[in-house]
Amino acid sequence: MVKPTRVSNRIRAHRESAGMTQADLARTIGVTRQTLIAIEQEKYSPTLELAFQIARAFGVGIDDLFQYPEQ
Amino acid sequence: MVYEERNAWAGLIVSPITMIIYVILIVQQAAGGPLTDVDWFPLMLWVIGGSIVAVIILSVVWGMIAGMTDAGGVGKSDIRDRDISRLGGRVEQAFLVIAGLGVIALCALAADVFWIANTMFAGFWMAATIGSVARVIAYRRGLI
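Going down the list, the sequences are from chains A and B.
So for the first sequence, the numbering used here puts the first residue at 122; every next one is plus one.
So for the second sequence, the numbering used here puts the first residue at 59; every next one is plus one.
(1) Run through chain D and tell me which residues come within less than 7 Å of A/Gln-174, C-beta to C-beta.
(2) Within 8 Å (strictly less), CB to CB, does B/Val-194 reach chain A?
(3) Pull up the distance between the alpha-carbon of B/Val-194 and that of B/Trp-67, whole angstroms please.
(4) So, with DSSP's three-state summary, where would you put B/Gln-151?
(5) Grab me the residues of A/Gln-188's own chain with a C-beta within less than 6 Å of its C-beta, minus the 5 sequence neighbours each way, in chain order.
(6) Count Cβ pairs between the stretch 151 to 168 of chain B and the stretch 177 to 184 of chain B that sit closer than 8 Å; are there 3 or more?
(7) Mind checking if A/Gln-155 is an interface residue toward chain B, Cβ cutoff 8 Å exclusive?
(8) For B/Ile-84, which residues of its own chain have a beta-carbon under 7 Å away from its beta-carbon, when the five flanking residues on both sides are left out?
(9) Alpha carbon to alpha carbon, what distance is there between B/Trp-173 and A/Ala-134?
(10) Could you give the distance in angstroms between the alpha-carbon of B/Ile-188 and the alpha-carbon of A/Gly-180?
(11) For A/Ser-129, write down the residues that DSSP places opposite it in a beta bridge.
(12) For B/Glu-35, which residues in the same chain have their Cβ closer than 6 Å to its Cβ, ignoring the five residues on either side in sequence?
(13) Can you find at least 3 beta carbon pairs, one from the stretch 166 to 186 of chain A and one from the stretch 137 to 153 of chain A, that sit closer than 8 Å?
(14) Just the C-alpha distance for B/Gly-108 and A/Ile-160, rounded to the nearest angstrom, thanks.
(15) If you draw a straight line from the C-alpha of B/Ala-169 to the C-alpha of B/Ala-157, how long is it?
(16) What's the gap between the Cα of A/Tyr-165 and the Cα of B/Gly-200?
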């Protein structure tokens with residue numbers, strides 16, 4: 122049921138450099154703090170729409186936040 | 059813990075207790091005689107009603123306690139909750155289908171109505187319990 126994802130993210134690093142708490146970012150993108158924690162810990166893959174919202178909250182592109190290995 | 063996860067846990071806590079109570083009551087009423095002679099219908103209704111009330115009470119009390127620490131997020135749900143809910147629903151459906159097939163088989167064998175009704179009841183119970191387990195695992199271990 123729970124398969125590993127190859128998508129990694131740098132949300133935590135961006136959030137900390139922006140001086141935001143998990144609660145702040147969760148409120149900004151309209152999810153619960155628990156969902157943001159799950160995304161940061163790569164236990165939940167956000168939808169494309171949510172990924173865009175997170176990227177927009179930091180003013181960066183999706184590629185800056187999410188990485189997918191070549192192979 | 060979010061609202062939907064608390065509900066999943068509440069169901070997971072209440073389900074086994076109510077099933078144990080139901081089986082004890084049925085066996086007690088049978089008093090060593092055949093189970094098919096037991097007046098199972100009122101017992102089943104009481105157990106179903108009781109479990110619904112118990113889940114609601116547990117969820118409300120748990121919500122009140124959670125509200126003391128996280129007043130803003132106590133009743134919130136989002137897309138992850140909906141994804142996990144869908145996963146739980148799919149697991150539940152699988153067990154309901156198995157129970158339905160069991161009922162059809164028992165009908166084909168002209169089994170006593172006690173066994174037909176209780177097979178379906180056990181299927182509902184199993185579906186709800188395994189569905190809650192799937193939800194809780196998705197909340198704790200992740201949904202990817």
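Think of the CB as a built atom: it goes at the ideal place given N, C-alpha and C, for glycine as much as any other residue.
Values in this document were obtained by computation on a predicted structure and should not be read as measured data.
Let's see:
(1) No chain D appears in this structure, whose protein chains are A and B.
(2) Contact of B/Val-194 with chain A is not assigned, every C-beta pair being separated by 8 Å or more.
(3) So the two alpha carbons sit approximately 7 Å from each other.
(4) The answer is helix: DSSP assigns B/Gln-151 an H, G or I state.
(5) Closer than 6 Å at Cβ, skipping near neighbours: Ser-129.
(6) As far as the Cβ criterion goes, the stretch 151 to 168 of chain B touches the stretch 177 to 184 of chain B, which means the pair count is three or higher.
(7) Judged by the 8 Å Cβ criterion, A/Gln-155 is in contact with chain B.
(8) The answer, listed in chain order, is Leu-93, Val-96, Trp-98, Leu-101.
(9) If you take the alpha carbons of A/Ala-134 and B/Trp-173, they lie about 59 Å apart.
(10) Going from the Cα of B/Ile-188 to the Cα of A/Gly-180 covers about 42 Å.
(11) Answer is A/Gln-188.
(12) As displayed, chain B neither begins before 59 nor continues past 202, which places residue 35 of chain B out of reach and without an answer.
(13) Inter-segment contact for the stretch 166 to 186 of chain A and the stretch 137 to 153 of chain A is present: three or more beta-carbon pairs are separated by less than 8 Å.
(14) B/Gly-108 and A/Ile-160: Cα-Cα distance of roughly 37 Å.
(15) Straight-line measurement puts the Cα of B/Ala-157 at about 15 Å from the Cα of B/Ala-169.
(16) Per the coordinates, the alpha-carbon of A/Tyr-165 lies some 6 Å from the alpha-carbon of B/Gly-200.
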